[in-house]
Structures are given as structure tokens and as C-alpha cells.
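As given, the protein sequences belong to chains A and B, one line each in that order. At the far end of the first sequence sits residue 125, using the working numbering, and the numbering has no gaps. At the far end of the second sequence sits residue 114, using the working numbering, and the numbering has no gaps. For each residue, glycine too, the CB sits at the ideal point set by N, CA and C. Every value quoted in this text rests on a predicted model; they were computed, and no experiment measured them.
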Amino acid sequence: AQSVTQLGSHVSVSEGALVLLRCNYSSSVPPYLFWYVQYPNQGLQLLLKYTSAATLVKGINGFEAEFKKSETSFHLTKPSAHMSDAAEYFCAVSGLGGFQKLVFGTGTRLLVSP
Amino acid sequence: DAGVTQSPTHLIKTRGQHVTLRCSPISGHKSVSWYQQVLGQGPQFIFQYYEKEERGRGNFPDRFSARQFPNYSSELNVNALLLGDSALYLCASSTGPSETQYFGPGTRLLVL
Numbered sequence: 012a013q014s015v016t017q018l019g020s021h022v023s024v025s026e027g028a029l030v031l032l033r034c035n036y037s038s039s040v041p042p043y044l045f046w047y048v049q050y051p052n053q054g055l056q057l058l059l060k061y062t063s064a065a066t067l068v069k070g071i072n073g074f075e076a077e078f079k080k081s082e083t084s085f086h087l088t089k090p091s092a093h094m095s096d097a098a099e100y101f102c103a104v105s106g107l108g109g110f111q112k113l114v115f116g117t118g119t120r121l122l123v124s125p
Numbered sequence: 003d004a005g006v007t008q009s010p011t012h013l014i015k016t017r018g019q020h021v022t023l024r025c026s027p028i029s030g031h032k033s034v035s036w037y038q039q040v041l042g043q044g045p046q047f048i049f050q051y052y053e054k055e056e057r058g059r060g061n062f063p064d065r066f067s068a069r070q071f072p073n074y075s076s077e078l079n080v081n082a083l084l085l086g087d088s089a090l091y092l093c094a095s096s097t098g099p100s101e102t103q104y105f106g107p108g109t110r111l112l113v114l
């Protein structure tokens with residue numbers, strides 16, 4: 012079975028500060044890992060994905076994440092937060108196989124203050 | 003290019019009723035997946051369809067069913083609605099069943 016744990020239901024940063032959103036995964040097979048962002052009253056937008064190529068993955072809007080197998084982690088970072096980054100962020104895992112069933116974490120709400 | 007579209011955007015039903023939600027995938031995508039997102043939680047997988055065949059099913063009761071049409075659009079049906087079915091229902095499409103999923107805006111269902 013696969014699962015993800017997102018540490019911290021809320022993270023608050025100041026505009027211009029480093030953003031760090033934590034995600035740890037559990038998977039019995041080599042995983043695919045994803046970060047999605049959800050703005051209020053909208054669907055999910057793909058930020059980035061790890062599919063067993065480079066361990067440092069760059070995504071949209073200046074976000075990146077590093078796959079660390081030894082720590083079973085896939086934390087999301089951005090060097091400098093913008094007000095527009097305020098949203099809900101979801102980490103998700105899927106295994107290799109015939110179909111891609113995404114298993115999501117409970118989400119982390121990022122709050123950005125001026 | 004148009005993204006995934008879903009209809010309706012909002013829906014209010016009463017307990018015991020039936021509901022049909024619709025999804026049109028991105029052009030060229032042949033796989034559609036459905037997820038339920040209850041307020042304050044992450045999305046939960048309901049179904050995946052590829053080439054009109056069910057490829058995966060999550061842990062949902064038989065009141066939930068779906069189908070995919072020859073044009074790759076899809077319907078999610080829920081019978082005998084319960085208050086706990088109130089949620090945002092998300093549709094995602096992908097080129098194939100093991101490819102990256104792209105989500106639509108969702109249908110928000112409220113069951114009274």
C-alpha cells in the first residue's frame with residue numbers, strides 16, 4: 012500500500028521568505044511522486060512530478076522538490092514566496108503499473124503575509 | 003487548448019436522490035479518472051477508465067458507478083445520495099492509464 016504524510020496542515024511565511032512544505036511517502040514499489048496546488052474554489056494544478064529520472068525536480072512558478080530515497084521524502088521548496096503562492100498544496104504518490112491511482116496527502120495550506 | 007471541463011459546476015440534491023456528473027477530457031486524452039474531495043481532506047480515488055473499460059476502482063460503495071463514452075468523455079453516477087456524499091468531485095484526464103493526470107475544476111455537490 013502507498014501513502015503520503017504531509018507535515019503541517021498550515022504553514023505561514025512572509026513575502027520573500029523561503030517556502031518549505033514537507034512530504035514523506037510510503038511505498039512498497041518505486042514511486043512516482045507529485046505536487047499539486049489548489050487555489051480556492053478551483054481544481055488541482057500540477058506543479059511538478061518525479062518519475063525516477065533526476066532526483067531534483069523543477070516545476071512551475073519557481074517551485075522545486077528533491078526526492079530523497081533514504082529519507083522517503085519529497086519536500087517542496089521555493090526560494091522566495093509571493094502573495095500569489097497562497098493556496099493549498101497536495102503531495103501525491105502512485106506506483107508503477109497498469110494504471111495510475113494517485114494517493115494524496117491531507118494537504119498543507121500556505122499562508123503568505125506582506 | 004482547452005483543459006478538462008466538468009459540468010455542472012455546482013449541484014444541490016436531497017438525500018436519496020440520484021446525481022450524474024459529467025467530464026470532458028483534454029483533446030487527445032483517452033483516460034479519465036474520478037476523485038472525491040471532502041472538505042478539508044485530500045482527493046480520494048473513485049474510478050479510472052481507459053478506452054471505455056474500467057481500469058481501477060477505489061474503496062467506494064456500489065452506489066457509485068461510472069462509464070466512458072466513445073468520445074472519451076465520462077459520467078459519474080451516484081445513487082441513493084447520503085449527506086456524506088457532499089464533496090468536490092474532480093475529474094482528471096491523461097493520455098493513458100499510467101500517464102500524468104490533469105484535473106478539471108470540479109463539481110461541488112451538496113446533499114441536504
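Separation of residue j from residue i, as counted between CA atoms
i: residue 97 of chain A; j: residue 120 of chain A; result: 8 Å
i: residue 102 of chain B; j: residue 96 of chain B; result: 6 Å
i: residue 23 of chain A; j: residue 73 of chain B; result: 44 Å
i: residue 61 of chain B; j: residue 37 of chain B; result: 11 Å
i: residue 98 of chain B; j: residue 125 of chain A; result: 42 Å
i: residue 56 of chain B; j: residue 29 of chain A; result: 43 Å
i: residue 34 of chain B; j: residue 63 of chain B; result: 19 Å
i: residue 114 of chain B; j: residue 82 of chain B; result: 12 Å
i: residue 74 of chain A; j: residue 62 of chain A; result: 17 Å
i: residue 49 of chain B; j: residue 67 of chain B; result: 8 Å
i: residue 5 of chain B; j: residue 106 of chain B; result: 7 Å
i: residue 27 of chain A; j: residue 104 of chain B; result: 29 Å
i: residue 12 of chain B; j: residue 81 of chain A; result: 44 Å
i: residue 58 of chain B; j: residue 10 of chain B; result: 24 Å
i: residue 14 of chain B; j: residue 114 of chain A; result: 28 Å
i: residue 90 of chain B; j: residue 24 of chain B; result: 13 Å
Residue i, buried or exposed, once every other Cβ within 10 Å from all chains shown has been counted against 16
i: residue 30 of chain B; result: exposed
i: residue 16 of chain B; result: exposed
i: residue 109 of chain B; result: buried
i: residue 19 of chain A; result: exposed
i: residue 67 of chain A; result: exposed
i: residue 55 of chain A; result: buried
i: residue 50 of chain A; result: exposed
i: residue 32 of chain A; result: buried
i: residue 91 of chain A; result: exposed
i: residue 19 of chain B; result: exposed
i: residue 44 of chain B; result: buried
i: residue 64 of chain A; result: exposed
i: residue 100 of chain B; result: buried
Whether residue i touches residue j by CB criterion (8 Å)
i: residue 86 of chain A; j: residue 99 of chain A; result: no
i: residue 47 of chain B; j: residue 60 of chain A; result: no
i: residue 15 of chain A; j: residue 34 of chain A; result: yes
i: residue 21 of chain B; j: residue 111 of chain B; result: yes
i: residue 39 of chain B; j: residue 51 of chain B; result: no
i: residue 83 of chain A; j: residue 37 of chain A; result: yes
i: residue 105 of chain A; j: residue 43 of chain A; result: yes
Proximity to residue i [Cα-Cα], best of the options
i: residue 118 of chain A; options: B/12, B/42, B/107 and B/49; result: B/42
i: residue 57 of chain A; options: A/115, A/114 and A/45; result: A/45
i: residue 103 of chain A; options: A/116, A/72, A/70 and A/40; result: A/116
i: residue 76 of chain B; options: B/94, B/44 and B/19; result: B/94
i: residue 7 of chain B; options: B/18, B/14 and B/28; result: B/28
i: residue 26 of chain B; options: B/89, B/88, B/78 and B/65; result: B/78
i: residue 40 of chain A; options: A/72, A/13 and A/52; result: A/13
i: residue 93 of chain A; options: A/72, A/101 and A/79; result: A/72
Length at least 3, wholly inside the segment 13-55 of chain A: the beta strand (DSSP E) runs in chain order: 14-18, 21-25, 30-37 and 42-49
Minimum length 3: unbroken beta strand (DSSP E) runs contained in the segment 27-90 of chain B: 33-39, 46-52, 55-59, 66-70 and 76-80
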